[in-house]
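There are 2 protein chains.
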Amino acid sequence: MAHQTETHAWDPELVPSAAGRTARPEPDCPVEVALAAVAGRWTTLVLRELMRGPHSFGELREGLPQISAKVLTERLHTLRERGLVEQHRLPGFPVRTRYTLTPAGRALRPLLVELYRTGSVLAGHEPRA
Amino acid sequence: MAHQTETHAWDPELVPSAAGRTARPEPDCPVEVALAAVAGRWTTLVLRELMRGPHSFGELREGLPQISAKVLTERLHTLRERGLVEQHRLPGFPVRTRYTLTPAGRALRPLLVELYRTGSVLAGHEPRA
DNA sequence: CGGAATCCTATCGGATACTG
DNA sequence: CAGTATCCGATAGGATTCCG
Numbered sequence: 001m002a003h004q005t006e007t008h009a010w011d012p013e014l015v016p017s018a019a020g021r022t023a024r025p026e027p028d029c030p031v032e033v034a035l036a037a038v039a040g041r042w043t044t045l046v047l048r049e050l051m052r053g054p055h056s057f058g059e060l061r062e063g064l065p066q067i068s069a070k071v072l073t074e075r076l077h078t079l080r081e082r083g084l085v086e087q088h089r090l091p092g093f094p095v096r097t098r099y100t101l102t103p104a105g106r107a108l109r110p111l112l113v114e115l116y117r118t119g120s121v122l123a124g125h126e127p128r129a
Numbered sequence: 001m002a003h004q005t006e007t008h009a010w011d012p013e014l015v016p017s018a019a020g021r022t023a024r025p026e027p028d029c030p031v032e033v034a035l036a037a038v039a040g041r042w043t044t045l046v047l048r049e050l051m052r053g054p055h056s057f058g059e060l061r062e063g064l065p066q067i068s069a070k071v072l073t074e075r076l077h078t079l080r081e082r083g084l085v086e087q088h089r090l091p092g093f094p095v096r097t098r099y100t101l102t103p104a105g106r107a108l109r110p111l112l113v114e115l116y117r118t119g120s121v122l123a124g125h126e127p128r129a
């Protein structure tokens with residue numbers, strides 16, 4: 001037995017590494033990192049569209065007709081800052097852009113699937129799991 | 001082939017049911033339901049503590065020394081409203097309370113595990129998955 | 001001990017109008 | 001087409017103080 005002041009016996013499934021044993025919402029806690037990635041209104045819907053493949057700014061607005069240009073721009077900026085989305089400007093006129101998920105962005109897929117599954121369970125529409 | 005105006009070919013893994021085929025952040029979309037359950041600063045930490053077993057109000061504050069009474073109260077109220085947590089007042093003086101997860105609350109465990117895993121991947125501390 | 005009541009600031013997100 | 005700029009109302013959440 002070590003000489004630690006053990007207040008907690010950490011559940012190894014829930015908190016498998018030291019990064020999660022925080023007393024506050026630390027930005028580098030894995031749970032916070034993942035939550036930050038999908039945080040904000042419309043974010044998961046933008047990700048859902050991009051999971052289908054590359055989209056232009058206008059195509060994203062077609063898929064999500066009620067999102068404002070401001071919020072969409074904001075979400076895309078944040079996703080790019082986090083390395084989840086890439087922007088490519090296509091040459092020519094009028095200007096065309098192409099937003100694609102990065103490998104890190106595609107890594108969010110299992111989380112989105114799990115969010116859907118858990119939400120279904122909570123709502124009582126349990127799929128079958 | 002049906003006579004639908006199919007704009008999307010929905011990914012059956014990502015959007016397995018009609019409830020997820022929304023053009024806006026609908027509150028009854030399963031993803032929104034799950035996000036709502038863990039939304040808000042401190043919420044996942046409160047859930048982490050309760051996953052260990054029942055806690056009193058003060059015990060929760062001991063585990064999370066920096067949370068204010070106001071925010072903790074608020075989180076517990078919201079979690080109770082959503083049917084994820086139950087409160088029991090113990091008789092005697094001074095007053096004692098006991099917060100426990102409901103079955104629905106315990107159903108959040110796989111989501112928390114997945115959040116941790118995804119966050120670890122994004123941060124580059126990939127566990128092994 | 002276990003909260004409720006106030007107050008106050010920061011950020012979020014929607015609407016609208018304008019630009020390269 | 002693909003954004004930017006500005007304004008503005010609504011919450012979120014932290015600090016502090018008080019109550020049963």
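Here the protein sequences line up with chains H and Z, keeping their order.
Position one of the first sequence corresponds to residue 1 (my numbering), numbered consecutively onward.
Position one of the second sequence corresponds to residue 1 (my numbering), numbered consecutively onward.
Backbone N, C-alpha and C define an ideal beta-carbon position, used for all residues, glycine too.
>> Spatial neighbours of H:G83 within its chain, please: C-beta separation below 7 Å, excluding the five flanking residues on both sides.
In response: Take H:G83, set aside five residues on each side of it, and the residues of its chain with a beta-carbon closer than 7 Å to its own are T102 and A104, in chain order.
>> Beta carbons nearer than 8 Å to chain H: which residues of the segment 96 to 128 of chain Z have them?
In response: For the segment 96 to 128 of chain Z, the residues whose beta carbon sits under 8 Å from a beta carbon of chain H are, in order, A104, A107, L108, R109, P110, L111, L112, V113, E114, L115, Y116, R117, T118, G119, S120, V121, L122, A123, H125 and P127.
>> If distances are taken between C-alpha atoms only, which option among Z:C29, Z:E126, Z:L45 and Z:P12 comes closest to H:L115?
In response: Checked all of Z:C29, Z:E126, Z:L45 and Z:P12; the closest Cα to H:L115 is Z:C29.
> Does the beta-carbon distance from Z:Q214 to H:A23 come in below 8 Å?
Replying inline: Lying before the first or after the last residue shown, residue 214 of chain Z is absent from chain Z, which here runs from 1 to 129.
>> Going by beta-carbon coordinates alone, are H:R21 and H:V46 separated by less than 8 Å?
In response: Cβ distance not < 8 Å, so H:R21 and H:V46 don't count as in contact.
> Given that Z:V44 touches chain H, what residues does it touch there, using C-beta distances under 9 Å?
Replying inline: Rather than Val, the amino acid found at residue 44 of chain Z in this sequence is Thr. The answer, in chain order, is P25, C29, V31, E32 and L35.
> H:V85 to H:L60, Cα distance in whole Å?
Replying inline: Distance between the alpha carbons of H:V85 and H:L60 is about 13 Å.
> Which residues, in order along the segment 83 to 95 of chain Z, keep a beta-carbon less than 7 Å from a beta-carbon of chain H?
Replying inline: Within the segment 83 to 95 of chain Z, no residue qualifies.
> Going along chain H, which residues have a C-beta under 7 Å from Z:A19?
Replying inline: Residues of chain H passing the Cβ test: H125.
> Who are the Cβ neighbours of Z:R80 in its own chain at under 8 Å, not counting the five residues just before and after it?
Replying inline: Correct list, in chain order: E86 and Q87.
> What are the start and end residues of the beta strand (DSSP E) that includes Z:T100?
Replying inline: R96 to L101 is the span of the beta strand (DSSP E), which, as asked, contains Z:T100.
> In chain order, which continuous runs of the beta strand (DSSP E) of length 3 or greater are located wholly inside the segment 62 to 119 of chain H?
Replying inline: Runs found: 85 to 90 and 96 to 101.
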